[in-house]
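Only one structure is covered here, and it is reproduced in the block below.
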Amino acid sequence: GVPEVPARPVAPRRASRRIQVGPVAVGGGAPVSVQSMTTTRTSDIGATLQQIAELTASGCQIVRVACPTQDDADALATIARKSRIPVIADIHFQPKYVFAAIEAGCAAVRVNPGNIKKFDDQVKEIARAAKDHGTPVRIGVNAGSLDRRLLQKYGRATPEALVESALWEASLFEEHDFRDIKISVKHNDPVVMIEAYRRLAEQCDYPLHLGVTEAGPAFQGTIKSAVAFGALLSEGIGDTIRVSLSAPPAEEVKVGIRILESLNLRQRGLEIVSCPSCGRAQVDVYKLAEEVTAGLDGLDVPLRVAVMGCVVNGPGEAREADLGVASGNGKGQIFVKGEVVKTVPESRIVETLIEEAMKLAEQAK
Ligand code: SF4
Numbered sequence: 309g310v311p312e313v314p315a316r317p318v319a320p321r322r323a324s325r326r327i328q329v330g331p332v333a334v335g336g337g338a339p340v341s342v343q344s345m346t347t348t349r350t351s352d353i354g355a356t357l358q359q360i361a362e363l364t365a366s367g368c369q370i371v372r373v374a375c376p377t378q379d380d381a382d383a384l385a386t387i388a389r390k391s392r393i394p395v396i397a398d399i400h401f402q403p404k405y406v407f408a409a410i411e412a413g414c415a416a417v418r419v420n421p422g423n424i425k426k427f428d429d430q431v432k433e434i435a436r437a438a439k440d441h442g443t444p445v446r447i448g449v450n451a452g453s454l455d456r457r458l459l460q461k462y463g464r465a466t467p468e469a470l471v472e473s474a475l476w477e478a479s480l481f482e483e484h485d486f487r488d489i490k491i492s493v494k495h496n497d498p499v500v501m502i503e504a505y506r507r508l509a510e511q512c513d514y515p516l517h518l519g520v521t522e523a524g525p526a527f528q529g530t531i532k533s534a535v536a537f538g539a540l541l542s543e544g545i546g547d548t549i550r551v552s553l554s555a556p557p558a559e560e561v562k563v564g565i566r567i568l569e570s571l572n573l574r575q576r577g578l579e580i581v582s583c584p585s586c587g588r589a590q591v592d593v594y595k596l597a598e599e600v601t602a603g604l605d606g607l608d609v610p611l612r613v614a615v616m617g618c619v620v621n622g623p624g625e626a627r628e629a630d631l632g633v634a635s636g637n638g639k640g641q642i643f644v645k646g647e648v649v650k651t652v653p654e655s656r657i658v659e660t661l662i663e664e665a666m667k668l669a670e671q672a673k
């Protein structure tokens with residue numbers, strides 16, 4: 309299930325209309341959801357379902373699969389039926405795959421207005437089919453494949469160009485009284501992307517899917533996405549997110565979840581508060597923090613564990629956390645819920661913290 313949202317999120321959310329992506333509500337105050345995209349050939353049903361299962365286990369709430377060929381389109385019905393999370397078909401060029409995805413029971417379809425040729429004539433039929441099946445449409449504008457007309461008008465993929473492309477496409481659907489839409493306006497530059505989403509947020513009430521496109525390898529992509537999503541979500545903008553990394557998709561999900569947790573848009577899970585260490589440290593803080601993190605990996609409860617190097621800030625932070633250690637003189641004072649429960653030799657700090665964490669996790673159940 310979707311984790312509860314904690315009491316004090318970063319900002320009030322922008323008012324947006326709500327759509328349903330299968331069982332997952334997007335917009336209208338629903339919790340911000342985390343998405344990812346498979347990297348398998350969609351036509352390889354077994355491999356795709358296997359990857360979707362891994363993504364589901366890592367906390368992914370909505371998954372997108374590419375649909376570039378007829379074989380991929382043919383695989384959609386089985387994948388949509390067997391996946392435990394809603395499946396969105398990602399379609400760039402051919403309207404016929406949009407119809408196929410809707411017929412196949414996909415939870416939504418993503419279309420790229422810059423790429424779908426002759427798309428405009430077919431909006432009416434797409435809107436009708438989507439309405440009949442209750443299938444929402446994501447209008448996914450991408451800087452790299454912006455409509456040629458807008459590229460000529462603006463010279464490059466500016467925030468204005470991205471927004472105009474998205475709203476123009478939305479207006480074509482609106483003409484057919486179809487508003488079951490969410491929008492994304494992705495760019496690889498967080499500054500352009502932030503500006504585009506801000507403008508879009510002002511000009512419509514559709515739920516927004518945040519993404520920095522081609523964000524890069526894990527380290528760079530994580531930073532770009534955290535900065536861009538952090539800026540927008542702090543203004544209440546964004547209803548669902550996808551972190552794009554040149555890394556296994558489960559990594560994207562982990563990063564996405566952590567971004568939402570950091571902004572109190574999602575109940576925090578396990579959180580290690582460790583000091584950066586300094587000349588006062590009396591233990592190897594890095595090693596201690598790493599061993600505690602590894603020892604508690606997979607513990608799925610909200611728990612704040614403080615690992616502090618000395619007695620200056622140590623006791624204060626350790627007291628504030630659910631569990632903590634303040635080290636000094638070759639010993640560690642172990643705190644549980646603000647009280648020192650025991651003092652152990654340095655060699656036993658990690659195992660004691662893990663033991664106490666397990667007890668707290670047991671109580672939390
Ligand atoms: Fe330095 Fe102690 Fe602060 Fe860690 S807790 S950074 S060791 S002063």
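Per the numbering used here, the very first residue in the sequence shown carries number 309; after that it's consecutive. Where a beta carbon is used, it is the ideal one built from N, C-alpha and C, also for glycine. The structure displayed is predicted, hence computed values, not measured ones.
Check                                                                                                                                                                           : Outcome
Since I believe V371 is in contact with P444 (beta carbons under 8 angstroms), could you give me their beta-carbon distance rounded to a whole number of angstroms?             : So it is not a contact: roughly 15 angstroms between Cβ atoms.
With H647 as the anchor, note down where its beta strand (DSSP E) starts and where it stops.                                                                                    : The question names His, but residue 647 in the sequence shown is Glu. Per DSSP, E647 belongs to the beta strand (DSSP E) from 647-653.
At the level of alpha carbons, what is the spacing between K490 and Q460?                                                                                                       : 26 angstroms
What do you reckon, are the CB atoms on A536 and V520 nearer than 9 angstroms?                                                                                                  : yes
For the beta strand (DSSP E) that G636 lies in, which residues bound it at each end?                                                                                            : 631-636
Check the DSSP bridge columns for L518 and list the partner residues they point to.                                                                                             : I549
Is it true that the segment 413-424 meets the segment 382-390, where meeting means three or more beta-carbon pairs spaced less than 8 angstroms apart?                          : yes
Cβ of L518 within 9 angstroms of Cβ of A474?                                                                                                                                    : no
Would you mind stating whether A451 and V500 have Cβ atoms separated by less than 9 angstroms?                                                                                  : yes
Return helix, strand or coil for V310, following the three-state DSSP convention.                                                                                               : Residue placement at V310 is flagged as unreliable, the pLDDT there being 46, under the threshold of 50; the coordinate-derived value follows with that caveat. Of the three classes helix, strand and coil, the one that applies to V310 here is coil, per DSSP.
In chain order, what are the residue ranges of uninterrupted alpha helix (DSSP H) at least 4 long that sit wholly in the segment 468-535?                                       : 498-511
From the DSSP output, in three-state form, read off R392 for me.                                                                                                                : coil
What is the DSSP secondary structure of L675, reduced to helix, strand or coil?                                                                                                 : As shown, the chain starts at 309 and ends at 673. That puts residue 675 outside it, with no answer to give.
Comparing C-alpha positions only, which one of D455, R456, Q402 sits nearest to G434?                                                                                           : Inspection of the sequence shows that residue 434 is occupied by Ile rather than by Gly. Ranking the options by Cα distance to I434, first place goes to Q402.
Could you compute how far the alpha carbon of P556 sits from the alpha carbon of A374?                                                                                          : 16 angstroms
Relative to the alpha-carbon of R321, which residue among L553, Q528, Y514 has its alpha-carbon at the smallest distance?                                                       : Y514
Rounded to the nearest angstrom, what separates E659 and S366 at their Cα positions?                                                                                            : 26 angstroms
Looking at the structure shown, is F401 part of a helix, part of a strand, or coil, going by DSSP?                                                                              : coil
Between which residues of its own chain and A634 is the CB-CB distance below 6 angstroms, once the five residues before and five after are set aside?                           : M616, V619, G622, P623, A626, Q641
Is it right to say P394 is buried, meaning 16 or more other beta carbons lie within 10 angstroms of its own, or is it exposed?                                                  : buried
Going by DSSP, which residues form a beta bridge with E579?                                                                                                                     : R612
Decide if V593 is buried, meaning its Cβ has at least 16 other Cβ atoms within 10 Å, or exposed.                                                                                : buried
Would you say V342 and R550 are within 9 angstroms of each other, going by their C-beta atoms?                                                                                  : yes
Along the chain, where does the alpha helix (DSSP H) containing A355 start, and where does it finish?                                                                           : 353-365
I need the straight-line Cα distance from E628 to D455, nearest angstrom please.                                                                                                : 53 angstroms
Using the three-state DSSP reduction, which class does R316 fall into: helix, strand or coil?                                                                                   : coil
Less than 9 angstroms separating the beta-carbons of L573 and L540?                                                                                                             : no
Measuring CA to CA, which of V613, L668, L596 is closest to S655?                                                                                                               : L596
Grab me the residues of N496's own chain with a C-beta within less than 6 angstroms of its C-beta, minus the 5 sequence neighbours each way, in chain order.                    : T521, E522
Distance check for V493 and Q471, CA to CA, integer angstroms please.                                                                                                           : This sequence places Val at residue 471; Gln is not what is there. Using only the alpha carbons, I get a separation of about 7 angstroms.
Thinking G538 and S552 are a contact (beta carbons under 8 angstroms), I'd like their distance in whole angstroms, please.                                                      : Actually they do not touch by this definition, with Cβ atoms about 16 angstroms apart.
Determine the DSSP secondary structure at A602, reduced to helix, strand or coil.                                                                                               : helix
Comparing alpha-carbon positions, which option in V431, D608, L458, G524 lies nearest R487?                                                                                     : V431
Check whether the Cβ atoms of A614 and S570 sit closer than 9 angstroms, and answer yes or no.                                                                                  : no
Looking at N621 and the ligand SF4, is the gap between the Cβ and the nearest heavy atom below 8 angstroms?                                                                     : yes
Excluding the five sequence neighbours on either side, which residues of its own chain have a C-beta within less than 6 angstroms of the C-beta of P317, listed in chain order? : N572, L573
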